Amino acid sequence: MNKKITASLLFIMGLILGLLAKFNYTTGLDSFIYNFLIYFKSPMVTTFFKIVTNLGSTWFIILLNLVIIVSYLILKRKEILIVPINSCLSVIFNNILKIIIRRPRPDVLRLIKERNFSYPSGHAMISFLFYITVISLINKSSIKYKKIINGFITAIIIMIGLSRVYLGVHHITDIIGGYLISTSILIITLKGESK
191 MNKKITASLL FIMGLILGLL AKFNYTTGLD SFIYNFLIYF KSPMVTTFFK
241 IVTNLGSTWF IILLNLVIIV SYLILKRKEI LIVPINSCLS VIFNNILKII
291 IRRPRPDVLR LIKERNFSYP SGHAMISFLF YITVISLINK SSIKYKKIIN
341 GFITAIIIMI GLSRVYLGVH HITDIIGGYL ISTSILIITL KGESK
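According to the numbering used here, the sequence shown is numbered sequentially starting from 191.
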């Protein structure tokens, strides 16, 4: 299938999921996943997820992007600039979609404070696009132990998403929607990079 069509379909799926979520058609799934995760609630699990969630926070992703930009200035490897470009795109699209969908935060026990709207999850969307773009660059490189590094990064992505649900600031559909939209952006930007 054409990459533009695939990206468009993923983006549309993300929008549709957001609308279904806004009008409470995903309540069953959202409640089931939240209840499953919060079943494991303990001080140790909460501390773990508070640490993990910071790996997708704005300040941490900005810090990682600064490292990428400094690496570019030292190595002069133009292809690594796709990482901060994708990070900027994810922030722009995330804010636009939050304004369009305007889904409230979950009405559950919140273990951390968050503002603004819920859909799509900024942590999930922005960190997913950042880390997946890094994985795509690793796959094109001659770095050793690619599978181990990629597995570790993938685990971080999944745990960031789960942390947002466990901490009570997002529904699982906010996370899935963020992943769908980020994947659509990735397909387009990597297609443009390979030209």
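Here a beta-carbon is modelled for each residue, glycine too, at the ideal position from N, C-alpha and C. No experiment lies behind these values; they were computed from the predicted model shown.
Next item on the list: Using 6 angstroms as the cut-off, classify the Cβ of R295 as near or not near the heavy atoms of the ligand ATP, replying yes or no.
Entry: As for the ligand ATP, it is missing from this structure, which has no ligand bound.
Notebook entry, point to check: Counting along the chain, where does the alpha helix (DSSP H) carrying T237 start and finish?
Noted result: That run of the alpha helix (DSSP H) goes 233–244.
Next item on the list: Would you check if the distance between the CB atom of I365 and the CB atom of S311 is smaller than 7 angstroms?
Entry: Cβ distance < 7 angstroms, so I365 and S311 count as in contact.
Next item on the list: For L163, I'd like the list of residues in its chain whose CB is within less than 7 angstroms of its CB, leaving aside the five on either flank, ordered along the chain.
Entry: Nothing in the structure corresponds to residue 163, since the chain is present only between 191 and 385.
Check: Quick one: Cα of S221 to Cα of F283, how far?
Finding: Each residue's alpha carbon lies about 26 angstroms from the other.
Margin query: K193 and K330 - do their beta-carbons sit closer together than 7 angstroms?
Written below: Not a contact, by the Cβ cut-off of 7 angstroms.
Next item on the list: Locate the alpha helix (DSSP H) running through F320, then write down its first and last residues.
Entry: 312–330 is the span of the alpha helix (DSSP H), which, as asked, contains F320.
Margin query: What does the alpha-carbon distance come out to for the pair T344 and F213?
Written below: Straight through space, the alpha carbons of F213 and T344 are spaced by roughly 31 angstroms.
Notebook entry, point to check: How is the alpha helix (DSSP H) around S353 delimited, first residue to last?
Noted result: Annotation for S353: the continuous alpha helix (DSSP H) segment containing it runs 336–356.
Notebook entry, point to check: With distances taken from CA atoms, which of H361, N306, R300, L279 is nearest A211?
Noted result: Cα-wise, what sits closest to A211 is H361.
Notebook entry, point to check: Using the C-alpha atoms, what's the distance from H313 back to L200?
Noted result: C-alpha separation (whole angstroms): 19 angstroms.
Item checked: For I338 and S198, the rounded distance between their alpha carbons -> S198 and I338: Cα-Cα distance of roughly 31 angstroms.
Item checked: Validate contact between the segment 229–245 and the segment 283–296 using beta carbons, cut 8 angstroms, 3 pairs -> No, they do not touch.
Next item on the list: Measure the C-alpha to C-alpha separation of D297 and G358 and round it to an integer number of angstroms.
Entry: Just so you know, the alpha carbons of D297 and G358 end up roughly 8 angstroms apart.
Checklist line | Alpha carbon of I258 to alpha carbon of T216, nearest angstrom | finding: Approximately 38 angstroms, taken between the alpha carbons.
Check: Quick one: what does DSSP say T216 is sitting in, helix, strand or coil?
Finding: Of the three classes helix, strand and coil, the one that applies to T216 here is coil, per DSSP.
Checklist line | Segment limits, alpha helix (DSSP H) that includes Y247 | finding: Reading off the sequence, residue 247 comes out as Ser, not Tyr. Where S247 is concerned, there is no enclosing alpha helix (DSSP H), because DSSP gives it neither an H nor an E.
Margin query: On the criterion of 16 or more Cβ atoms from any shown chain inside 10 Å, does I264 qualify as buried, or is it exposed?
Written below: Taking all protein chains shown into account, I264 has fewer than 16 neighbouring C-beta atoms within 10 Å of its C-beta and is therefore exposed.
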